[in-house]
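Using the working numbering, you'd call the opening residue of the sequence shown number 14 and step up by one each time.
Quick notes on the structure that follows.
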Amino acid sequence: MRARNALFGLAAATMLATVVACTEERPKPPAGEDASASVPPSAAPSVPVPDEAKWLVQGSSDERFVKIASQLRGFDVAMVETGYRYGELYWAGRDENYDYARYQLQKIETAITRGVERRPKREPSSHLLDGPKEGLMRAINSRNHKDFDTAFAALTTACNACHVAEKVPFVHVAPPTVRTSVVHGQDAGVP
């Protein structure tokens, strides 16, 4: 739960930082003057900026974008989200909640796509997942539990092959054994 809260907190901070970073350019403050005091009125925060958040409003737009990009980090953050959604996908299959399974698989694809945008060197290995993801989507669409299990196992194998290709074979994934998902039941919320 803490990891999920941290991920959502990071997402919220990133959204806030993006909004701030997209504001108009402002001149640098004179030496010794508070940088937040030179924010143009159209970009000024409606509340005082706490010291720990001033990094969000200091510097040029380019400097702020670099700071925000560093918060998104590399492919590891995409893998944190993918790992969470992998577990949710597994439990959706156990519950035969195929709409939720489809949603999670689509979010896994989005997370990997975003990770590749940040780290293009990872793209060749990411294609190891293409066939298994397509097979899993077919199984989800068929709403067949046995097909889902087979396709999920193929996805797991592909995940581990990708980790080996990326020289992190010690990151070996397997279906979860402890349920942490708060989503239970079949499609359309049927308990």
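Every residue, glycine too, gets a C-beta built ideally from N, C-alpha and C.
Give a yes or no on whether the C-beta atoms belonging to residue i and residue j are separated by under 7 Å.
i	j	result
residue 70	residue 62	yes
residue 88	residue 127	no
residue 205	residue 124	In the structure displayed, the chain extends from 14 to 204; residue 205 sits before or after that span and is not available.
residue 98	residue 117	yes
residue 153	residue 115	yes
Note the first and the last residue of the continuous alpha helix (DSSP H) segment covering residue i.
i	result
residue 183	Element bounds for residue 183: n/a, residue is neither H nor E.
residue 149	143 to 155
residue 89	88 to 108
residue 137	136 to 139
residue 122	111 to 131
I need the DSSP call for residue i, collapsed to helix, strand or coil.
i	result
residue 71	coil
residue 21	Bear in mind that a pLDDT of 48 at residue 21, under 50, signals an unreliable position, so the model cannot answer this.
residue 49	For residue 49, the predicted structure reports a pLDDT of 49, less than 50, and the residue's modelled location is therefore unreliable. The matter cannot be settled from this model.
In whole angstroms, give me the CA-to-CA distance for residue i and residue j.
i	j	result
residue 102	residue 93	14 Å
residue 178	residue 138	6 Å
residue 110	residue 198	7 Å
residue 148	residue 164	6 Å
residue 75	residue 68	13 Å
residue 104	residue 161	11 Å
residue 194	residue 107	12 Å
residue 181	residue 80	27 Å
residue 72	residue 143	41 Å
Enumerate in chain order the residues of its own chain whose CB-to-CB distance from residue i is below 8 Å, with the five nearest sequence positions on each side excluded.
i	result
residue 141	171, 174, 175 and 178
Please tell me whether residue i has its Cβ less than 7 Å away from any Cβ of chain C.
i	result
residue 106	Absence of chain C from the displayed structure is noted, only one protein chain being present.
By Cβ distance, which residues of its chain are closer than 6 Å to residue i, with the 5 residues on each side in sequence left out?
i	result
residue 151	none
residue 145	167, 168 and 171
residue 184	176
residue 121	95 and 98
residue 100	189
residue 129	135, 136 and 139
Starting from the C-beta of residue i, find all residues in its chain whose C-beta is less than 7 Å away, skip the five residues before and the five after it, and write them out in chain order.
i	result
residue 169	186, 187 and 188
residue 158	109
residue 156	111
residue 113	105 and 196
residue 65	none
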